[in-house]
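Engineer: Would you mind keeping the following structure in view while I ask a few things?
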Amino acid sequence: ATPTSISVASGMAFKQGIMYKGGEFFEIANKINAIAFDKTGTLTKGKPELIDFIGDKETLQLTASIEAHSNHPIADAIKFAYDGTLLEVTDFEVLVGLGLKGKINQDAIYVGSKKLANELKVEIPYDGEKYLNEGKTVFYTIKNNEVINMITIADEIKDGVKELIQTLKSRGIKPFMITGDEEKTARYIAQLVGIDDVYASVLPQEKAQIVETIQNEGYVCAFVGDGINDAPALKMADVGIAVSNGSDIAINSSDVTLMHQDLSLVLDAIDLSLATLKNIY
Ligand code: ADP
Ligand code: MG
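The sequence shown lines up with residues 72 to 352 when you count with my numbering.
Put into structure tokens, the structure is as follows:
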């Protein structure tokens, strides 16, 4: 592609809400035949609601105090649901793809996934099965090696995702889901939107490895994501697509940024590059 035609297309793209970083996208987008999607904040709205709290009421203060330092969608749900006082947190750390940790008074507090609890080798005295089967995300608060509560949240699927997946399939583009959330939750959401191939419970680096595996199977693979946890996969993909209000790290790691939440922009981006190529060659 000549620089001129690319800048013209970029102008058109910009008006539609698609931002390109470089010209390479135009060379490769017509070859994309697999697209892997992150779940939380990409296929779903990333504005989850706290649905169930199971545990001693007082423990919610510990959870909320830790989440107050996070800007993960899960943290927003907690901030919205809890209006009590917060405790001081020291040694706060984000465990990307797993949860959070910090110290409150002298206690070590973790908030995060079942995988995190497993890694810490603590037993979970709650049954999350029912919630997982409803497509909810389930996470836990751990105080000094003891799980003290279970929280479930639900996140709505974005409008038009099912139709987008259908269109991709009809064009011979295979959709995948790659998520840090649990298998059952992931499967539930995937089945609602029509994605058959699901990779769940994966850490950020593993997301990138899965993209590489898909590429090694012969696919030209795009990845669509929003979070810090998606950065490695966005870099690995043939085309990394960040959705708007994604983290700065996601946007920096991507080739294309969608400037609004509507995922049909993914298709518009591909169409635009196809149209551009036709004009050039
Ligand atoms: P996704 O791949 O779906 O965007 P993440 O990789 O961000 O998900 O997170 C994976 C899992 O880690 C979540 O489903 C949740 O269980 C846990 N987790 C991540 N961040 C937090 C947080 N701030 N509070 C509680 N749990 C979290
Ligand atoms: Mg996400």
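No residue lacks a Cβ here, since even glycine has one placed at the ideal position from N, Cα and C.
Within the same chain, show all residues whose beta-carbon is closer than 7 angstroms to that of glycine 243, passing over the 5 residues directly before and after it, in chain order.
Structural biologist: Excluding positions up to five away in sequence, the list reads Asn104.
Engineer: Cα separation between glycine 289 and glutamate 283?
Structural biologist: When rounded, the distance between both Cα atoms is 10 angstroms.
Engineer: What residues does the ligand MG have around it, judged by CB closer than 7 angstroms to any heavy atom, in chain order?
Structural biologist: Any residue whose Cβ sits closer than 7 angstroms to a heavy atom of the ligand MG makes the list: Asp109, Lys110, Thr111, Gly112, Thr113, Gly117, Gly296, Asp297, Gly298, Asn300 and Asp301.
Engineer: Given threonine 115, which residues of its chain have a CB within under 8 angstroms of its CB, disregarding the five upstream and five downstream residues?
Structural biologist: The residues are Asp226, Glu227, Ile228, Lys229 and Ile260.
Engineer: For the candidate residues Val182, Thr212, Val160 and Asn220, whose alpha-carbon lies nearest to that of aspartate 127?
Structural biologist: The candidate whose alpha carbon is nearest that of aspartate 127 is Asn220.
Engineer: What first and last residue would you give for the beta strand (DSSP E) that runs through aspartate 268?
Structural biologist: Its beta strand (DSSP E) spans residues 268–270.
Engineer: Please confirm whether isoleucine 299 and valine 167 have their CB atoms less than 8 angstroms apart.
Structural biologist: Taking 8 angstroms as the Cβ cut-off, isoleucine 299 and valine 167 qualify as a contacting pair.
Engineer: Mind checking which residues open and close the alpha helix (DSSP H) that includes leucine 239?
Structural biologist: Segment 232–241, the alpha helix (DSSP H) holding leucine 239.
Engineer: Let me know the beta strand (DSSP E) ranges lying completely inside the stretch 145–217, each 3 residues or longer, listed in chain order.
Structural biologist: Complete beta strand (DSSP E) runs here, min 3: 161–166, 170–175, 178–183 and 208–214.
Engineer: Which residues in the same chain have their Cβ closer than 7 angstroms to the Cβ of isoleucine 341, if we skip the five residues on either side of it in sequence?
Structural biologist: Only Ala100 and Ile103 meet the Cβ criterion.
Engineer: Measuring alpha carbon to alpha carbon, tell me which of Glu138, Leu343, Thr238 and Val182 ends up nearest glutamate 217.
Structural biologist: Of Glu138, Leu343, Thr238 and Val182, the residue nearest in Cα terms is Val182.
Engineer: Indicate whether the contact test is met: 3 or more Cβ pairs, each with one atom in the stretch 137–144 and one in the stretch 326–342, closer than 8 angstroms.
Structural biologist: The stretch 137–144, when compared against the stretch 326–342, does not touch it at the 8 angstroms Cβ threshold.
Engineer: Is any non-hydrogen atom of the ligand ADP found closer than 7 angstroms to the C-beta of isoleucine 145, if you look at the structure I gave you?
Structural biologist: Yes, since a heavy atom of the ligand ADP falls inside the 7 angstroms radius drawn around the Cβ of isoleucine 145.
Engineer: Would you say leucine 305 touches the ligand ADP, meaning its beta carbon is less than 7 angstroms from a heavy atom?
Structural biologist: Checking the Cβ of leucine 305 against the ligand ADP gives no.
Engineer: Using C-beta distances below 7 angstroms, list every residue in its chain close to isoleucine 125, excluding the 5 sequence neighbours before and after it, in chain order.
Structural biologist: So the list reads Tyr197, Asn220 and Met221, once near-sequence residues are dropped.
Engineer: With C-beta atoms as the reference, is leucine 334 less than 8 angstroms away from leucine 235?
Structural biologist: Yes, these two residues count as a Cβ contact at 8 angstroms.
Engineer: Cβ of glycine 170 within 7 angstroms of any heavy atom in the ligand ADP?
Structural biologist: Within the cutoff, so yes.
Engineer: Drop a sphere of 10 angstroms on the beta-carbon of glutamate 194, count the other beta-carbons inside from all chains shown, and report buried for 16 or more, exposed for fewer.
Structural biologist: So glutamate 194 counts as exposed.
Engineer: Beta carbon of aspartate 268, beta carbon of cysteine 292: below 8 angstroms?
Structural biologist: Not a contact, by the Cβ cut-off of 8 angstroms.
Engineer: In terms of alpha-carbon separation, which member of Phe247, Ala302 and Leu343 lies closest to lysine 233?
Structural biologist: Lysine 233 has its Cα closest to that of Phe247, out of Phe247, Ala302 and Leu343.
Engineer: Hey, out of Phe96, Lys110, Phe97 and Lys92, whose CA is closest to valine 273's CA?
Structural biologist: Minimum Cα distance to valine 273 is reached at Lys110.
Engineer: Please work out which residues of its chain come closer than 6 angstroms, Cβ to Cβ, to leucine 121, disregarding the five sequence neighbours upstream and downstream, and give them in chain order.
Structural biologist: Within the same chain, leucine 121 has close Cβ partners Ala148, Ala152 and Ile224.
Engineer: Suppose you measure from the CA of alanine 72 to the CA of leucine 343; what does that come to, to the nearest Å?
Structural biologist: Because the pLDDT at alanine 72 is just 49, under 50, the model does not fix this residue reliably, and the point stays unresolved.
Engineer: May I ask you to list the residues that DSSP assigns as paired with glycine 311?
Structural biologist: In DSSP, glycine 311 forms a bridge with Phe294.
Engineer: Report all residues from its chain with a CB closer than 8 angstroms to the CB of glutamine 332; omit the five preceding and five following residues, and keep chain order.
Structural biologist: Excluding sequence neighbours, glutamine 332 sits near Lys116, Lys229, Val314, Ser315 and Asn316.
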